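Read the structure below first, then the notes.
2 protein chains.
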Amino acid sequence: MNTHSCVISGPLWLSAQIMASILKVLFLFLFLYFIPIHSSVDHDNHPLDPLTPLEFDQIRTIIESSNHSPTSNISFHYIGLDDPDKQTLLSWLSNPDSTTKPPRRAFVIARINHTTHEIVVDLTTHSIVSNEVYTGHGYPTLTFEEQSAAGLLPRDYAPFKTSISKRGLKLEEVLCGSFTVGWYGSKDRPKRVVTVMCYYLNGTVNFYMRPIEGITIWVDLEKLKIIGYRDRIMVPVPKAEATDYRESEQKLPLGPKINKITVLQPDGPGFNVDGHTIRWANWKFHLGFDARAGPIISLASIYDIEKNEYRRVLYRGFVSELFVPYMDLTEEWYYRTFFDAGEYGLGLCAASLEPLRDCPENARFLDGYVTGQNGTTVKMANLFCIFERYGGDIMWRHTEFGIPGTVVTEVRPEVSLVVRMVSTAGNYDYIIDWEFMQSGSIKAVVGLTGLLGVRAVKYTHTDQIEEEVYGTMLAENTLGAYHDHFLTYHLDLDIDGEINSFVKANLQTTLVTVGRSPRKSYWTVVCETAKTESDARIRLGTKPADLLVVNPNKKSNVGNPFGYRLIHGASVGSLLSEDDDAQIRGAFTNYNIWVTPYNRSEKWAGGQYTDQSQGDDTLAVWSLRNRDIENKDIVLWYTLGFHHVPCQEDFPLMPTLTDGFELRPNNFFESNPVLKVRPQNYRSPNGWSTISV
Amino acid sequence: MNTHSCVISGPLWLSAQIMASILKVLFLFLFLYFIPIHSSVDHDNHPLDPLTPLEFDQIRTIIESSNHSPTSNISFHYIGLDDPDKQTLLSWLSNPDSTTKPPRRAFVIARINHTTHEIVVDLTTHSIVSNEVYTGHGYPTLTFEEQSAAGLLPRDYAPFKTSISKRGLKLEEVLCGSFTVGWYGSKDRPKRVVTVMCYYLNGTVNFYMRPIEGITIWVDLEKLKIIGYRDRIMVPVPKAEATDYRESEQKLPLGPKINKITVLQPDGPGFNVDGHTIRWANWKFHLGFDARAGPIISLASIYDIEKNEYRRVLYRGFVSELFVPYMDLTEEWYYRTFFDAGEYGLGLCAASLEPLRDCPENARFLDGYVTGQNGTTVKMANLFCIFERYGGDIMWRHTEFGIPGTVVTEVRPEVSLVVRMVSTAGNYDYIIDWEFMQSGSIKAVVGLTGLLGVRAVKYTHTDQIEEEVYGTMLAENTLGAYHDHFLTYHLDLDIDGEINSFVKANLQTTLVTVGRSPRKSYWTVVCETAKTESDARIRLGTKPADLLVVNPNKKSNVGNPFGYRLIHGASVGSLLSEDDDAQIRGAFTNYNIWVTPYNRSEKWAGGQYTDQSQGDDTLAVWSLRNRDIENKDIVLWYTLGFHHVPCQEDFPLMPTLTDGFELRPNNFFESNPVLKVRPQNYRSPNGWSTISV
């Protein structure tokens, strides 16, 4: 969830950014004017590589210089790779020596003079391909800078100062952050606004546990001005004692305590990073990064030792949206229905990963880049970590007692490769893992940790509660608000080629006619190939079925179509009514599963412009066309979810809660692809010896 | 699943056992007669400790000597600890210096002169407390020896020899195993029989992939004689090329290949094993072992640093039954509806764990003991492993961008403690893990691997199939039969004391009346405390709810009852009709959740005598009494399941498929119990350095 922007307010951070910007301009100047022999585009880049700092600078320069008026107000809300057309890319990949390399282009969303522009920049020709004004509903992702600036406005706003003083609080200990406001049915074009909500620092870094409840401040983001103010109710700021989570602040007794433990890879890691292409064991894939989606896995292929070739599995996979509706109807809370990818940017909110804590000793780290509001590059250090995971699990085993005179045991330990990014969307931290298994499975796992969105109340004990409070009492004056988290994954599977079908292998109870068998029932598999989009909308938990993406044109030696199966996590769907405006905007969660035909423009399940969207550009709307999906290039959309009823253990910081799914080969290989894996059987040279006790 | 007994046939193994038996008797003789000063019972044992080799010998001696006729035919089908009465044990534990230590007793199920006896032996007084003949339905767990002996019968059976010769097979390459036959509505008392099914070895150890289909042999286990024979149909034995899974048999190219990886704990493991009591981090628990259930976790308590005391969580947890119905109606298959715990014994079928493969370098191993049919002790080496697990996961984290001038990041890596046993019930291997988390969660995870139950067919390609085949074509002449696995866990939670209640915290969509809020809907939590057993029967997937076991008499400072939440795995239930005899026997899978009042005799969800049971002693039958369960000592029963539609990757040996559940503290602690954990931050002294790439 995100009850907050990534940044509350950050004057020092802004200064650092201005410095970086100056340095970057200087660098660009030197580079472009004094080293003209080198093209500014690296032609060795993979067409899916994220934009480089140099490219960001080019883009900014091209757009700024094309903008005739020097007084234009330009702010960049999104700069990312304009994905090459899939067919163009695939055809180039199949013959990369040709001159058909897809054009290198950037897609830019900028507010220019208070209007949303969609600009495509060609980085080879250094030119603007198109520049169109967007006039539809919704607004682009918020920038860090405007969120920070909005958060600073209350400090100088007299009515707010009065409110703070009335509460006996110190103004200098108040921190404010920007909240997106959603849309509740108004037909007028709304202004681009946020609300600003404030917290009390006063000695803790865990200010989220100290909300200053009852005050709402509306800020016009275009004018960066307060346009509305309401101090509705006075509620005690929770004392929130011992809520600081920093190691240095912990009081005795500490604990629990465990012995040192780490991972040892004497020969170093076994994966190879070449640009953004990662090779490990039988896998190769491209790891991209996007300010909105965070990690993007592309072109994941697995080497088939029997066929002696890499076979395609996943053309592209990423988190398309993260919908976090709260269930609190109080005036300051009802609208909190966040879209963390579209409104705040999962990549933009990425945390710098801590070696040995966020990732084990054998991890390697990759940096990434986003741009600030003014288009300058911001480096995200340790954005990703990549490591081989060995948690003591077993990949496969068998002990055979059945052969006289011998006991046969064969075991292979499970080692996988994990790509991790953490997105800290305000209070919540989302650990986003992609895990590649030697057996051919791809697992996507999300861990939820960080801080709850809590509401301050007058109560100090549940016995006092005399109204509906929409949450769990966690501590004195502190309610953990009920909410959901829905992560919608875009999974463009290309099972041994892009032409695929979606199959529901329904497990159907069959009653046995008398005399056929002593059994009265059994289940059988009734396969149903989805012909159009409506056939593939599924609410999980209602009907037992194996869900498969298959290549109907390619079959195994014994005749089974090559496929991958989705093994889903908990069957959690939205409980909101479909006519609720919040749910209309988040209508992609009406079902856990959707399948669409590939369409280059259909990337964001909640629409391109999610902030204040009106739900007219969601996956649910696209799907209404009910297009053909059988034997087509198709995209699987899967939504996993958490209904979160907070408990006291989640306070003041919650232990990780995990869910995920697995894409598992299903008649894709002729047989178990890891049967011939050599066991590692490795013992550290200086390890203590393993003894029976 | 178990399409087979643990042992196919094992003449050499039997010989080894006879040798062991001779040595054991010799040892017992020496011990009892020459060292009389030591009592044969160790009074320092914990009352829940499994029976020792010495005790097994005592039991056998006591029973044999009480049996007046020397010609009596005695076979021991179960010898295990006769659990002390819970109240007696708890009261002794609260004051262990008193003289009220529960009596040390064994529960024995023996067939004496072809009658089932239930014998209770007191190990302190060396006497038989009771000896009762069981006259109800069903038979005890099969012994290894009788399964082996039954498997050897066909070799000397002329009609079988003719069948084998007719098929052009070599008799010396044929291996046979015993299969339990279930019950299909007959009102007569059935004989104690198994069917024997045969496989063809011929150069592979993976004989399960080479079934000799179409022959059924009925064996009377009491007489160890073939009492029925049918050779129904000739089907080619699958060639099953390259199905041998032994490392030595793999042909080039091997792969995939990965770099060495291991776990390093320079100070050794951080857990302590004292007898069968294990202490690690904030946990302590007792690890027992039972021939039927395998691992038994008892008295799991967690140390609360704020309260400065251990608090009770789980009085006892174990796998009560493992039901594996197949969905194949052919004559040789319809009855295969196995109860792996009750019919074969999960503990009896335990595999010896391989260091560095089944468990990581930092694991420690524990041995265990069962008895053979003649009552002599059989040592199970490396029965359990225990290790600290660090897979690179994050216990909790947060990055705070919101405070001007600083970025705060705190992260704690996740390290947990795993107790593992593997039960190899014939072809299938079940990896049974209990995992203890510092955050207070207990996870139970089961991994399914090993070999499929396959049926031989005439077809070599799916195009040829012209009838219902009840399975997936995996290779030429090879079908992977559809089946389920249901693991039913007995979870006697004692949340801070034994008097608990079961609460369904239903998440209920509420429509908002116009004017109350711009929102049209939200969900709220409607708690429902189960009053009687019928209130607590739940088919998962039908209704969103948090499922809690709470102590209604003990509340947190702000007034929430202490509780634990069950976070369940996939919502998989039986698809058989409730009137199917197989389902009547497995009726404990009619629901995923049941709650019963604690009753010492209600341990085995499928009944005490599962072999050929008639379903009159299942959890479903007990629950019909609809007893009060509110504010009582209650037991939660949870069934997790897998519907298994095999795929080619499962052939000839399946990569592990995993599911599990978590018992997670829910308002049990006042706040996050791991906030004050010190980060480890440990790097191996000779590790390669972590670098950014």
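Here the protein sequences line up with chains F and H, keeping their order. Take UniProt numbering: the last position of the first sequence gets the number 693, and nothing is skipped along the way. Take UniProt numbering: the last position of the second sequence gets the number 693, and nothing is skipped along the way. For each residue, glycine too, the CB sits at the ideal point set by N, CA and C. Since the structure is predicted, the reported quantities are computational estimates derived from the model, not experimental observations.
Residue range 53-66 is occupied by the alpha helix (DSSP H) that includes residue 57 of chain F. At the C-beta level, residue 288 of chain H and residue 50 of chain H come within 8 Å of one another. In the three-state reduction of the DSSP assignment, residue 315 of chain H falls in the strand class, which pools E and B. Minimum Cα-Cα distance from residue 647 of chain H among the listed residues F:648, F:684, F:667, F:584 corresponds to F:667.
Beta-bridge partners assigned by DSSP to residue 300 of chain F: F:314. Of the residues assessed, residue 298 of chain F falls on the buried side of the cut-off, its CB having 16 or more other CB atoms within 10 angstroms. In this structure, the alpha-carbon of residue 355 of chain F lies about 45 Å from that of residue 205 of chain H. Under the 8 Å criterion on CB atoms, residue 666 of chain F is classed as interfacial with respect to chain H. In the DSSP assignment, residue 555 of chain H falls within the unbroken beta strand (DSSP E) covering 545-555. With a beta-carbon spacing of about 15 Å, residue 253 of chain H and residue 302 of chain F fall beyond the 8 Å limit used to define contacts.
Residue state for residue 412 of chain H is assigned as strand, using DSSP reduced to three classes. Contact of residue 229 of chain H with chain F is not assigned, every C-beta pair being separated by 8 Å or more.
The C-alpha of residue 282 of chain F lies about 20 Å from the C-alpha of residue 657 of chain H.
Ranking H:104, H:496, H:69, H:132 by CA distance to the CA of residue 552 of chain H puts H:496 first.
Look at residue 447 of chain H here: in three-state DSSP terms it is strand. Apart from sequence neighbours up to five positions away, the residues of its chain that approach residue 387 of chain H with a beta-carbon distance below 6 Å are 359, 360, 362, 363, 418, ordered along the chain. Per the DSSP secondary-structure output, residue 131 of chain F pairs in a beta bridge with F:119. By the Cβ neighbour-count rule, residue 423 of chain H is buried, with 16 or more other Cβ atoms within 10 Å of its own. Taking 8 Å as the threshold, the shortest C-beta distance from residue 447 of chain F to chain H falls below it. For the pair of segments examined, the stretch 61-79 of chain F was found not to touch the stretch 584-598 of chain F: the number of CB pairs separated by less than 8 Å stays below three.
For residue 374 of chain F, not one C-beta of chain H is nearer than 8 Å to its own C-beta. In summary, the residues of the stretch 248-273 of chain H whose CB is separated from some CB of chain F by less than 9 Å are 250, 251, 252, 253, 254, 255, 256, 257, 258, 259, 260, 261, 262, 263, 264, 265, 266, 267, 268, 269, 270, 271, 273, in the order they occur in the chain. Across the structure, residue 337 of chain F and residue 409 of chain F are spaced so that their CA atoms are roughly 53 Å apart. Using a Cβ-Cβ cut-off of 7 Å, residue 647 of chain F is close to 666, 667 of chain H, given in chain order. The beta carbons of residue 509 of chain F and residue 521 of chain F sit closer together than 8 Å. Listed along the chain, the chain H residues whose CB falls inside 9 Å of the CB of residue 384 of chain F amount to none; the nearest CB is some 10 Å away.
The criterion of a C-beta distance shorter than 8 Å is satisfied by residue 474 of chain F and residue 651 of chain F. Looking only at F:516, F:286, F:316, the smallest Cα-Cα distance to residue 334 of chain H is reached by F:516.
Annotated three-state conformation of residue 47 of chain H is coil, per DSSP. Neighbours of residue 177 of chain F in chain H, taken as residues whose beta carbon is under 7 Å from its own, are 402 in chain order. The continuous beta strand (DSSP E) containing residue 105 of chain H extends over residues 105-112.
Membership of residue 531 of chain H in any alpha helix (DSSP H) is not indicated, and neither H nor E is assigned to it by DSSP. Contacts with chain H at 8 Å (Cβ-Cβ) do not include residue 297 of chain F. For residue 151 of chain H, no pairing in a beta bridge is given by DSSP. Our two residues, residue 106 of chain F and residue 395 of chain H, have alpha carbons roughly 38 Å apart in a direct line. Here DSSP, grouped into helix, strand and coil, assigns residue 342 of chain F to helix.
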